[in-house]
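J.: If you scroll down you'll find the structure; I have some questions about it.
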Amino acid sequence: MNPVNESGIFNLENNLPKNRASLSLERNFGKFDASVRANYFGTTFDERSQREEIEARTLIDLDFSYQASETVQLILGALNVFDTYPNEVETRASQGMPFPRRTPIGYSGGQVYFKAIYKL
Amino acid sequence: MVDDDNALSEVVITGTRSKPRTVLQSAVPIDNIGVKAIERQNNGDIVQTLKALIPSYTSTPLTGDGSAFVKPTSLRGLPPDEVLILMNSKRRHRSSLIAHFGAAMNAGSHAADVGHIPSIALKNIEVLRDGAAAQYGSDAIAGVMNFILKDVSSGAEVQTQVGKWYGRNYGSETDYKVGMNFGFPLTENGFINISAEYAFNPKLARGNQHAAAQAAIDSGIEGVANPAMNWVSI
């Protein structure tokens with residue numbers, strides 16, 4: 051008996067991207083810090099039998115930090131600032147799920163956030 | 002990725018049996034993620050932070066079974082339980098979940114739940130992104146992640162954060178988190194360092210109304226949710 055069938059092997063090899071890259075730039079301007087980051091996810095395939103291709107995507111993150119005083123730091127940032135989603139696939143569309151469920155790109159979309167840190 | 006407050010922060014202790022080495026001198030590839038990089042992320046879940054900062058690390062969102070909570074994470078495409086998770090260089094216990102769903106590599110894996118680690122408790126994270134089984138044993142086939150906790154014996158820190166998702170079709174969602182960290186001296190030679198964190202991550206509506214639910218509404222059945230769908234967490 052073969053414990054791993056052909057589709058199992060295909061999924062092991064193709065559910066996660068073969069290529070993944072991350073590029074970060076960070077710059078300090080006195081009390082300000084700024085950074086921008088690009089995360090690239092290569093092509094993968096959906097896990098179901100239809101084997102639909104999930105195209106490569108690059109997600110961009112930004113953050114700005116301001117040291118307001120000795121003790122207080124304020125941060126404004128955005129994750130996936132351009133609200134990038136993976137391409138839609140047919141597999142589960144009839145159940146209302148247009149996106150591939152097992153993609154490391156994620157399908158939660160973008161977010162902006164604010165953060166305050168107080169250190170004594 | 003090096004915290005430039007303090008030159009000593011470049012010293013890493015993962016993947017070596019001798020005295021600590023710096024990242025450049027290490028014989029194995031190590032990412033050292035300092036507290037500044039961790040702080041500036043919206044880390045509602047530390048997995049999000051790791052995914053953004055470590056190229057070889059992936060995490061797939063899930064809508065089914067316990068994998069929605071214990072994330073299917075992977076270093077270099079290998080199963081999550083083949084990454085050794087250390088806390089202050091000691092093995093971290095595994096979660097109670099044996100994963101069933103997820104990307105294929107996740108099936109049957111029994112991994113530590115990295116997402117439960119409060120980000121405010123962390124001083125830095127060292128990631129040995131290569132097989133280290135010869136040093137650590139077979140649970141380090143995909144690599145080692147060493148979470149180093151804060152060890153200051155004085156001071157206090159409070160973090161608050163709020164995040165707003167852009168949303169898709171069904172409005173936007175808000176997440177938030179508050180965290181505290183206190184250090185106390187314990188005699189002259191010791192310390193007590195306490196961290197507490199509360200985080201709220203909302204369920205996110207990223208799908209469309211389920212066809213069967215819509216059909217039920219169309220046929221006049223009352224009390225059917227709109228939207229009724231597979232929800233997602235980050």
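Chains A and B are the protein sequences, given in the same order. Read in the working numbering, the first sequence has 111 at position 61, and its numbers run on one by one without any break. Read in the working numbering, the second sequence has 151 at position 150, and its numbers run on one by one without any break. Backbone N, C-alpha and C define an ideal beta-carbon position, used for all residues, glycine too.
Against ASN170 of chain B, what residues of chain A qualify as contacts under a CB-to-CB distance less than 9 Å, listed in chain order?
T.: What ASN170 of chain B touches in chain A: nothing, since even the nearest Cβ is about 10 Å away.
J.: Note down, in chain order, every chain B residue with its Cβ under 7 Å from the Cβ of ASN89 of chain A.
T.: Within 7 Å Cβ-Cβ: ALA53.
J.: Assign ASP4 of chain B to one of two classes, buried (16 or more other C-beta atoms within 10 Å of its C-beta) or exposed (fewer than that).
T.: Note that ASP4 of chain B scores a pLDDT of 46, beneath 50, so its modelled location is shaky; the value from the coordinates is reported in the next line. The residue is buried, with at least 16 neighbouring Cβ atoms inside 10 Å.
J.: Skipping 5 residues on each side, what residues in its chain have a beta carbon closer than 8 Å to that of LYS204 of chain B?
T.: Answer for LYS204 of chain B: GLU174, TRP232, VAL233 and SER234, listed in chain order.
J.: How is GLU43 of chain A classed by DSSP in three states: helix, strand or coil?
T.: Chain A is shown only over 51 to 170; residue 43 of chain A falls outside these bounds and no answer can be derived.
J.: Quick check on GLN42 of chain B: does DSSP put it in helix, strand or coil?
T.: In the structure shown, GLN42 of chain B sits in coil (DSSP, three-state: anything other than H, G, I, E or B).
J.: For GLY103 of chain B and chain A, any beta-carbon pair shorter than 8 Å?
T.: Chain A contact via Cβ: present.
J.: Taking the alpha carbon of SER97 of chain B as the reference point, which residue from B:LYS72, B:ALA134, B:ILE121 and B:SER90 has its own alpha carbon closest?
T.: B:LYS72
J.: Out of A:PRO154, A:SER158, A:TYR90 and A:LEU126, which has the shortest C-alpha to C-alpha gap to ILE110 of chain A?
T.: It is A:TYR90.
J.: What span of residues does the beta strand (DSSP E) with GLU63 of chain A cover, start to end?
T.: Unbroken run through GLU63 of chain A is the alpha helix (DSSP H), 56 to 64; no beta strand (DSSP E).
J.: On the three-state DSSP scale, how would you describe THR61 of chain B?
T.: coil
J.: If you check the beta carbons only, do LEU129 of chain A and ASN43 of chain B fall under 8 Å apart?
T.: yes
J.: Taking all protein chains shown into account, decide if ASN7 of chain B is buried (16 or more other Cβ within 10 angstroms of its Cβ) or exposed.
T.: Its pLDDT being 49, under 50, ASN7 of chain B is placed unreliably in this model, and the value from its coordinates should be taken loosely. Here ASN7 of chain B is exposed, its C-beta having fewer than 16 other C-beta atoms within 10 Å.
J.: Is GLU189 of chain B helix, strand or coil by DSSP?
T.: coil
J.: With 8 Å as the threshold, decide whether the Cβ of TRP166 of chain B is near any Cβ in chain A.
T.: yes
J.: In whole angstroms, what separates the C-alpha of ALA229 of chain B from that of TYR157 of chain A?
T.: C-alpha separation (whole angstroms): 17 Å.
J.: Helix, strand or coil for TYR137 of chain B? Go by DSSP, reduced to three states.
T.: helix
J.: Hey, LYS165 of chain B and ASN194 of chain B: beta-carbon distance below 8 Å or not?
T.: no
J.: Could you check where the beta strand (DSSP E) with ASP83 of chain A kicks off and where it finishes?
T.: 82 to 91
J.: Report back the beta-carbon spacing between ILE218 of chain B and ASN227 of chain B to the nearest angstrom; my notes put them in contact at under 8 Å.
T.: 7 Å
J.: Helix, strand or coil: which one does DSSP assign to ASN125 of chain B?
T.: Three-state DSSP puts ASN125 of chain B in a strand.
J.: What are the partner residues of ALA166 of chain A, as DSSP defines its beta bridges?
T.: A:LEU124 and B:THR161
J.: The alpha helix (DSSP H) spanning ILE31 of chain B covers which residue range?
T.: Premise fails: ILE31 of chain B lies in the beta strand (DSSP E), 31 to 35, not in any alpha helix (DSSP H).
J.: Would you kindly work out how many angstroms separate the C-alpha atoms of MET106 of chain B and PRO80 of chain B, rounded to a whole number?
T.: 5 Å
J.: With 16 as the cutoff for other CB atoms within 10 Å, does GLY184 of chain B come out buried or exposed?
T.: buried
J.: In its own chain, which residues sit with a C-beta less than 7 Å from the C-beta of GLN162 of chain B, not counting the 5 before and 5 after it?
T.: ASN43, TYR177 and LYS178
J.: Consult DSSP for GLY50 of chain B and reduce its assignment to one of helix, strand or coil.
T.: Before going further, note that residue 50 of chain B is Thr rather than Gly in the sequence given. Note: THR50 of chain B maps to helix in three-state DSSP.
J.: With a threshold of 8 Å between beta-carbons, can GLY109 of chain B be considered close to chain A, or not?
T.: no
J.: Whole angstroms are fine: how far does the CA of THR141 of chain A sit from the CA of ARG101 of chain A?
T.: 9 Å
J.: Of the choices B:ARG92, B:HIS94 and B:HIS111, whose alpha-carbon is the least far from that of HIS101 of chain B?
T.: B:HIS111
J.: Quick check on ASN107 of chain B: does DSSP put it in helix, strand or coil?
T.: Under the three-state reduction of DSSP, ASN107 of chain B is assigned to helix.
J.: Indicate whether at least one CB of chain B lies closer than 8 Å to the CB of PRO53 of chain A.
T.: no
J.: Please name the residue, chosen from B:PRO62, B:ASP46, B:VAL24 and B:GLY45, that lies closest to SER152 of chain A on a Cα-to-Cα basis.
T.: Rather than Ser, the amino acid found at residue 152 of chain A in this sequence is Arg. Of B:PRO62, B:ASP46, B:VAL24 and B:GLY45, the residue nearest in Cα terms is B:PRO62.
J.: How many whole angstroms separate the CB atoms of ILE86 of chain B and LEU123 of chain B, which I take to be in contact at a CB cut-off of 8 Å?
T.: Not confirmed; about 13 Å, so no contact.
J.: Based on the DSSP output, what are the partners of ILE104 of chain A in its beta bridges?
T.: A:THR94
J.: Would you mind listing the beta strand (DSSP E) stretches within the segment 202 to 230 of chain B that are 3+ residues and don't spill past its ends, in chain order?
T.: With a minimum length of 3 residues, there is no unbroken run of beta strand (DSSP E) contained wholly in the segment 202 to 230 of chain B.
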